[in-house]
Amino acid sequence: MTTLGTAPPRATVPPWSPDGRTTIVEGLDRAAAGGRRLVFLDGDLTPQVFPMAELARWSEQRARVLIGQFGVAPGERVCVFGPTSPALLATLLGIWRAGAVAVVLPMPRRLDAASLRRDVASRVAAAQSRLVLADAGVAGAGLAGAGLAGAGLATPATAGLPGVTVVTDDALHGGGPAALPAGPGPDDVALLQFTSGTTATSRAVALRHGQMVANPAQVYHLVGMEPGDTVVSWLPLYHDMGVMTLVGAIAAGLNPCVLATETFINRPAVWLRAVAAHHAAITVAPNFAYGLAANHLALDPSPLDLSSLRCVVNGAEVVDRRTLERFVAAAAPRGLAPEAMCPMYGLAEATLAVSLTLPGEPARFLRVARDALEDGRVVEQAADGGRDIACCGTPLPGTAVIITDEAGRQLPERTVGEVRVLGPGVVGRYWTPDGSPHPQPMCDAEGRLATGDLGFLSDGELYLCGRKKDMVIVGGRNLYPEDYESLAERVPGVRTGNVMAFALPDSERMVVVAETRLAAAEAEAAGRQILDTLRRELSYAPHEAVLVRAGSLPKTSSGKRCRQRCRSEYQQGRLSIVAVAR
Numbered sequence: 124m125t126t127l128g129t130a131p132p133r134a135t136v137p138p139w140s141p142d143g144r145t146t147i148v149e150g151l152d153r154a155a156a157g158g159r160r161l162v163f164l165d166g167d168l169t170p171q172v173f174p175m176a177e178l179a180r181w182s183e184q185r186a187r188v189l190i191g192q193f194g195v196a197p198g199e200r201v202c203v204f205g206p207t208s209p210a211l212l213a214t215l216l217g218i219w220r221a222g223a224v225a226v227v228l229p230m231p232r233r234l235d236a237a238s239l240r241r242d243v244a245s246r247v248a249a250a251q252s253r254l255v256l257a258d259a260g261v262a263g264a265g266l267a268g269a270g271l272a273g274a275g276l277a278t279p280a281t282a283g284l285p286g287v288t289v290v291t292d293d294a295l296h297g298g299g300p301a302a303l304p305a306g307p308g309p310d311d312v313a314l315l316q317f318t319s320g321t322t323a324t325s326r327a328v329a330l331r332h333g334q335m336v337a338n339p340a341q342v343y344h345l346v347g348m349e350p351g352d353t354v355v356s357w358l359p360l361y362h363d364m365g366v367m368t369l370v371g372a373i374a375a376g377l378n379p380c381v382l383a384t385e386t387f388i389n390r391p392a393v394w395l396r397a398v399a400a401h402h403a404a405i406t407v408a409p410n411f412a413y414g415l416a417a418n419h420l421a422l423d424p425s426p427l428d429l430s431s432l433r434c435v436v437n438g439a440e441v442v443d444r445r446t447l448e449r450f451v452a453a454a455a456p457r458g459l460a461p462e463a464m465c466p467m468y469g470l471a472e473a474t475l476a477v478s479l480t481l482p483g484e485p486a487r488f489l490r491v492a493r494d495a496l497e498d499g500r501v502v503e504q505a506a507d508g509g510r511d512i513a514c515c516g517t518p519l520p521g522t523a524v525i526i527t528d529e530a531g532r533q534l535p536e537r538t539v540g541e542v543r544v545l546g547p548g549v550v551g552r553y554w555t556p557d558g559s560p561h562p563q564p565m566c567d568a569e570g571r572l573a574t575g576d577l578g579f580l581s582d583g584e585l586y587l588c589g590r591k592k593d594m595v596i597v598g599g600r601n602l603y604p605e606d607y608e609s610l611a612e613r614v615p616g617v618r619t620g621n622v623m624a625f626a627l628p629d630s631e632r633m634v635v636v637a638e639t640r641l642a643a644a645e646a647e648a649a650g651r652q653i654l655d656t657l658r659r660e661l662s663y664a665p666h667e668a669v670l671v672r673a674g675s676l677p678k679t680s681s682g683k684r685c686r687q688r689c690r691s692e693y694q695q696g697r698l699s700i701v702a703v704a705r
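Spelled out as structure tokens, the structure:
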């Protein structure tokens with residue numbers, strides 16, 4: 124076990140090639156040969172150090188068990204369920220060593236039967252998997268609620284999932300005589316990654332080994348990471364950013380330092396403590412996490428050295444200027460350089476990253492007039508009252524970003540349209556078990572990924588405005604829910620990152636729903652303040668502001684807002700309402 128505060132040694136690692144012809148297994152073998160290691164931090168931040176050579180041996184042992192005892196064949200989908208742990212990491216690597224396809228099932232934000240039935244059982248069925256490898260600590264409580272039987276070895280599933288076996292990690296120990304197949308190739312499928320499901324039912328994309336290595340490793344290379352640098356991550360492995368951060372780090376010769384997502388959620392301050400203790404050169408997180416970190420840094424006077432951070436990636440959701448600047452202001456006295464913050468744009472359908480800003484200058488924002496933006500035009504506005512949109516950088520080498528109208532025609536710079544992507548990270552189509560076409564096409568006739576995101580280009584750099592399906596259309600004008608949400612979050616008593624705005628179908632009524640911990644009377648006053656703020660700042664006022672209990676708004680397993688589900692719960696009277704202001 125290493126001592127906290129000791130920087131890991133550097134060693135020479137054979138160079139990673141960006142040609143997309145490397146597999147995860149080859150990346151692990153190279154990291155093992157180069158003396159790399161993985162550090163896992165428990166809930167108390169006590170480190171467990173695993174040389175990559177040991178992880179490689181574990182992966183081979185688990186692969187032999189999967190093949191010899193459970194008959195897992197190359198290309199077969201194997202589901203994994205549980206919090207991030209050394210055993211889960213070794214199991215994932217074992218699946219890949221066996222030539223199988225991993226499906227990481229989401230750990231629900233709140234462990235209830237309804238969430239599990241929706242998120243776990245549906246994905247097991249969609250993947251047509253006959254084997255679920257579960258963490259012993261959560262298998263009994265979690266999988267039973269999903270219609271899968273408990274945690275015993277070779278236990279058949281029930282409630283609509285016949286033929287599925289649930290196995291705890293204990294059953295994978297020991298290895299066996301089974302022969303290992305030749306390693307997978309770069310074009311073999313490695314992962315079924317489910318999309319976030321913010322605006323529709325989550326769909327699966329089949330990511331190849333070469334894509335999973337090349338895309339995130341290219342990001343590390345572009346931001347200046349070197350073999351032997353440390354990356355700290357708490358991101359869940361069922362989310363594309365989490366699993367790619369880990370796989371790319373291994374392939375690029377970095378030393379990953381990993382803590383469970385639950386550790387961060389329960390105590391957000393431990394994330395930056397881990398960064399400081401392990402001298403991380405890079406860390407990666409969505410925008411909301413930097414808001415939480417800023418809150419804790421502002422309240423915590425204890426010394427914390429963040430000067431080792433050369434790159435801080437902000438991605439997976441719209442980058443909010445106030446959140447980013449609050450974090451930078453709170454972290455600067457701890458040694459963080461403002462130019463380390465790097466907004467990024469990506470999505471599961473493109474493996475991970477599409478465009479990226481590089482360290483070297485502070486994050487940039489373009490302040491634009493909201494009324495022009497409603498018409499699809501980009502007009503800079505120097506005065507207050509405009510909307511600040513983050514620059515998400517230039518496309519990765521070999522990747523092209525095109526902004527189009529509804530018909531797919533390319534639009535000029537500084538015109539808002541749908542973001543479409545061409546490049547080696549684009550998967551091409553949604554996965555179906557028999558290889559038949561998915562009912563919803565992913566790409567247009569020219570092979571461009573239609574992302575469903577709205578944005579524009581300026582000097583070749585990408586700026587994101589929001590999701591097309593979340594757009595609120597009132598009186599023929601396009602209103603962005605992000606504008607309403609960010610302004611509502613400034614009202615005292617409203618929880619940052621927990622506001623959702625939407626329009627009601629077949630009406631001109633718009634609603635803003637916000638979480639709060641205030642009592643009813645104070646919550647109603649906050650609701651009136653929300654309405655006053657929005658009426659003063661924006662061109663259209665919502666019909667009402669609804670204050671709901673903290674932690675009750677629907678989000679994806681990775682924490683993204685589900686506005687359409689929130690609208691459905693509002694219409695069905697299922698919101699946990701504290702107060703309403705009109």
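Number 705 marks the last residue of the sequence shown (the numbering used here); no jumps.
In this text, a Cβ means the ideal position worked out from N, Cα and C, and glycines have one as well.
(request) Could you tell me the distance, in whole angstroms, from the CA atom of V287 to the CA atom of Q251? (result) Each residue's alpha carbon lies about 9 Å from the other.
(request) Apply the 10 Å Cβ neighbour rule to G570 and answer buried if 16 or more other Cβ atoms are within range, or exposed otherwise. (result) In summary, G570 is exposed, with fewer than 16 beta-carbon neighbours lying within 10 Å of its beta-carbon over all protein chains present.
(message) Can you tell me whether G516 is buried or exposed? The criterion is at least 16 other CB atoms within 10 Å of its CB, across all chains shown.
(response) Under this definition G516 is a buried residue.
(request) Under 8 Å Cβ to Cβ from T135, same chain only, skipping five residues before and after it: list those, please. (result) Any reading at T135 needs caution, since the residue's pLDDT is 43, under 50, leaving its predicted position unreliable; the model's value is listed next. Within the same chain, G157 and P350 come within 8 Å of T135 by CB-CB distance, once the 5 residues on both sides are set aside.
(message) Taking the beta carbon of S356 as the centre, do at least 16 other beta carbons fall within 10 Å, making it buried, or is it exposed?
(response) Counting other Cβ atoms within 10 Å of its Cβ, S356 reaches 16 or more and is therefore classed as buried.
(request) Would you decide whether G376 is buried or exposed? Buried here means 16 or more other CB atoms lie within 10 Å of its CB. (result) G376 counts as buried, since at least 16 other C-beta atoms from the protein chains shown sit within 10 angstroms of its C-beta.
(request) Measure the alpha-carbon distance for I525 versus V544 and round it to whole angstroms. (result) If I take the Cα positions, the gap works out to 6 Å.
(message) By the DSSP assignment, the beta strand (DSSP E) with C380 in it spans what residues?
(response) For C380, the uninterrupted beta strand (DSSP E) segment begins and ends at N378 to L382.
(message) What does the alpha-carbon distance come out to for the pair G414 and T619?
(response) Those two C-alpha atoms are separated by around 8 Å.
(request) Could you tell me the distance, in whole angstroms, from the CA atom of V703 to the CA atom of F625? (result) Cα to Cα, V703 sits roughly 16 Å from F625.
(request) Label I596 either buried or exposed according to how many other C-beta atoms from any shown protein chain fall within 10 Å of its C-beta, with 16 as the threshold for buried. (result) By the C-beta density criterion, I596 is exposed, having fewer than 16 other C-beta atoms within 10 angstroms.
(request) Could you spell out the range, first to last residue, of the alpha helix (DSSP H) harbouring E497? (result) Under the DSSP assignment, E497 falls in the alpha helix (DSSP H) whose first and last residues are R493 to E497.
(message) So the candidates are C685, T679 and I147; which of them puts its Cα closest to the Cα of G371?
(response) Of the residues C685, T679 and I147, the one whose Cα lies closest to the Cα of G371 is I147.
(request) Since I believe P309 is in contact with H332 (beta carbons under 8 Å), could you give me their beta-carbon distance rounded to a whole number of angstroms? (result) The Cβ separation is near 5 Å, so the contact holds.
(message) Buried or exposed, going by whether 16 or more other CB atoms sit within 10 Å of the CB of A389?
(response) In the sequence under discussion, the amino acid at residue 389 is Asn, which differs from the Ala named in the question. Its Cβ having fewer than 16 others within 10 Å, N389 is exposed.
(request) Out of A492, A439 and Y663, state which residue places its alpha-carbon closest to the alpha-carbon of K683. (result) That would be A439, whose Cα lies nearest to the Cα of K683.
(message) Using C-beta distances below 6 Å, list every residue in its chain close to R487, excluding the 5 sequence neighbours before and after it, in chain order.
(response) C514.
(message) Once DSSP output is grouped into helix, strand and coil, what is the label at R705?
(response) Correct three-state label for R705: coil.
(request) Look at the Cβ atom of A404, then the Cβ atom of M348, and state whether they are nearer than 8 Å. (result) Their beta carbons are under 8 Å apart, which means A404 touches M348 by this criterion.
(message) Quick check on V188: does DSSP put it in helix, strand or coil?
(response) If DSSP states are grouped into helix, strand and coil, V188 belongs with the helices.
(request) State the beta-bridge partners of E638 as determined by DSSP. (result) In the DSSP secondary-structure assignment, E638 is bridged to V671.
(request) Using the Cα positions of S699 and V622, report the straight-line distance between them to the nearest angstrom. (result) Distance between S699 and V622, taken at the CA atoms: about 14 Å.
(request) Could you say if the stretch 644–653 and the stretch 666–680 meet the contact criterion of at least three C-beta pairs nearer than 8 Å? (result) A contact is defined here as three or more CB-CB pairs under 8 Å, and the stretch 644–653 meets this definition with respect to the stretch 666–680.
(request) Decide if the stretch 211–221 is in contact with the stretch 173–192; the criterion is three or more beta carbon pairs, one per stretch, under 8 Å apart. (result) At 8 Å Cβ cutoff, the stretches touch.
(request) In the DSSP assignment, find the unbroken alpha helix (DSSP H) run with S693 in it and report its ends. (result) A quick correction: the sequence has Tyr, not Ser, at residue 693. Y693 -> alpha helix (DSSP H) spans R686 to Q694.
(request) Grab me the residues of A301's own chain with a C-beta within less than 6 Å of its C-beta, minus the 5 sequence neighbours each way, in chain order. (result) The residues R187, I190 and G191, in chain order, have a CB closer than 6 Å to that of A301 in the same chain once the five nearest residues on each side in sequence are set aside.
(message) Quick check on DSSP: helix, strand or coil for A313?
(response) Three-state DSSP puts A313 in a strand.
(message) Taking the alpha-carbon of V435 as reference, which of M230, V342 and L534 has the nearest alpha-carbon?
(response) Among M230, V342 and L534, the Cα nearest to that of V435 is on V342.
(request) Could you check if P665 is buried or exposed, using at least 16 other CB atoms within 10 Å of its CB as the buried criterion? (result) Per the 10 Å Cβ criterion, buried.
(message) Which of the three DSSP states is assigned to G275 in this structure?
(response) For G275, the pLDDT reaches just 39, beneath the cut-off of 50, and the residue's location in the model is therefore unreliable, leaving the point undetermined.
(request) Mark E484 as exposed unless 16 or more other C-beta atoms lie within 10 angstroms of its C-beta, in which case mark it buried. (result) E484 comes out exposed.
(message) So, with DSSP's three-state summary, where would you put M230?
(response) Collapsing the DSSP output to three states places M230 in coil.
(message) Within the continuous beta strand (DSSP E) that includes S356, where are the two ends?
(response) Annotation for S356: the continuous beta strand (DSSP E) segment containing it runs T353 to S356.
(request) Give the secondary structure of R200 by DSSP, where H, G and I count as helix, E and B as strand, and everything else as coil. (result) The answer is strand: DSSP assigns R200 an E or B state.
(message) Suppose you measure from the CA of A154 to the CA of A176; what does that come to, to the nearest Å?
(response) Cα atoms of A154 and A176: separation of roughly 8 Å, rounded to the nearest angstrom.
(message) Nearest by alpha-carbon distance to L330: which of G548, L212 and V701 is it?
(response) Looking at the Cα atoms, G548 is the closest of the given residues.
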